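Following: one structure in structure tokens, then a few remarks.
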């Protein structure tokens, strides 16, 4: 499945969802969202149509902590204590999951980084493998160039397991080709050999 096919639900009008979550814009921060796909739809609609960000670069203007609080976005990017909560991840239980959230709301830099990752993925409509590369490219760079951030090490492990599986099973040729063609562009100075 290509990234565009995976993310085409963002372009389908969902009137019930929009009325439920955007019907009263003053209460937008109190709305409970229980499915991962709905969080992506919520974020896409907020950035693309409410904030009128046509590009990822325009959306970056609203990833500061003030905007995150104003639009009730922080709740999607940190683990709250108690109660059921849907959190965003890349991956699955078989290959490993990369979390897109912080364990502590006080880690504002982490929350904005994860929001930037999600926006980058949605605006560029990345497939599963490209999402992992995107995740790696947004991680903090360590001063010691010979070491990798723990999130990068985890992401590379998920990537290797995923590639091993996909290369030995049918139906993944298009995704693998799309990934290979975009690796350097997505990773930039985070590029690594696999």
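Residue numbers (our numbering): 1052 to 1245. Every residue, glycine too, gets a C-beta built ideally from N, C-alpha and C. As the structure is a computational prediction, the values presented were derived from the model and not from experiment.
Decide yes or no for the touch test of the region 1137-1151 against the region 1104-1115: beta carbon pairs closer than 8 Å, at least 3 of them. At 8 Å Cβ cutoff, the stretches do not touch.
Taking three-plus beta-carbon pairs below 8 Å as touching, is the region 1177-1195 in contact with the region 1220-1236? Cβ pair count under 8 Å is three or more, so yes.
Same chain, Cβ closer than 7 Å to residue 1200, neighbours up to 5 away in sequence not counted: Counted from its first residue, the chain shown places residue 1200 at position 149. For residue 1200, where only same-chain residues beyond five positions count, the Cβ hits under 7 Å are 1190, 1191, 1193.
Length of the line joining the Cα atoms of residue 993 and residue 1121: Since the first and last residues shown for the chain are 1052 and 1245, residue 993 lies out of range.
Is residue 1147 near the ligand ZN, judged by its Cβ being under 6 Å from some heavy atom? Inclusion of the ligand ZN in the displayed structure is not the case, the ligand content being empty and no account of it being possible.
Assuming contact is defined by CB atoms lying nearer than 7 Å, are residue 1012 and residue 1165 in contact in what I supplied? With the chain covering only 1052 through 1245, there is no way to say anything about residue 1012.
How many Å lie between residue 1187 and residue 1203 at the Cα? Taking the chain shown and counting its residues from 1, the one referred to as residue 1187 is at position 136. Taking the chain shown and counting its residues from 1, the one referred to as residue 1203 is at position 152. Each residue's alpha carbon lies about 5 Å from the other.
Would you say residue 1210 and residue 1183 are within 7 Å of each other, going by their C-beta atoms? Within the chain shown, the letter at position 159 stands for residue 1210. Within the chain shown, the letter at position 132 stands for residue 1183. For residue 1210 and residue 1183, yes; Cβs fall inside 7 Å.
Could you round the C-beta distance between residue 1207 and residue 1139 to whole angstroms and report it? I think they count as a contact, below 8 Å. Locating residue 1207 in the chain shown gives position 156, where the first residue counts as 1. Locating residue 1139 in the chain shown gives position 88, where the first residue counts as 1. Contact flag wrong, Cβ pair sits at about 20 Å.
For my contact list, residue 1174 and residue 1107 are in at a C-beta cut-off of 8 Å; report their separation, rounded to the angstrom. Numbered from 1 along the chain shown, position 123 holds the residue referred to as residue 1174. Numbered from 1 along the chain shown, position 56 holds the residue referred to as residue 1107. Contact between residue 1174 and residue 1107 is confirmed by a C-beta separation of about 4 Å, below the 8 Å threshold.
Exposed or buried, residue 1160, counting other C-beta atoms within 10 Å across all chains shown (16 or more means buried)? Stepping through the chain shown from its first residue, residue 1160 is reached at position 109. Counting C-beta atoms within 10 angstroms of its own C-beta, residue 1160 has fewer than 16 neighbours from the protein chains shown and is therefore classed as exposed.
Buried or exposed: which applies to residue 1029, given that a residue is buried once 16 or more other Cβ atoms fall within 10 Å of its Cβ? Since the displayed the chain opens at 1052 and closes at 1245, residue 1029 lies outside it and no answer follows.
Kindly identify the DSSP beta-bridge partner or partners of residue 1142. Taking the chain shown and counting its residues from 1, the one referred to as residue 1142 is at position 91. Residue 1142 is bridged by DSSP to 1148.
First and last residue of the alpha helix (DSSP H) that includes residue 1183? Numbered from 1 along the chain shown, position 132 holds the residue referred to as residue 1183. First-last of the alpha helix (DSSP H) with residue 1183: 1179-1188.
I'd like to know whether the C-beta of residue 1200 is nearer than 7 Å to at least one C-beta of chain B. No chain B appears in this structure, which consists of one protein chain only.
Do you know whose CA, among 1127, 1238, 1195, lies nearest residue 1169's CA? Numbered from its first residue, the chain shown carries residue 1169 at position 118. Of the listed residues, the one whose Cα sits closest to residue 1169 is 1127.
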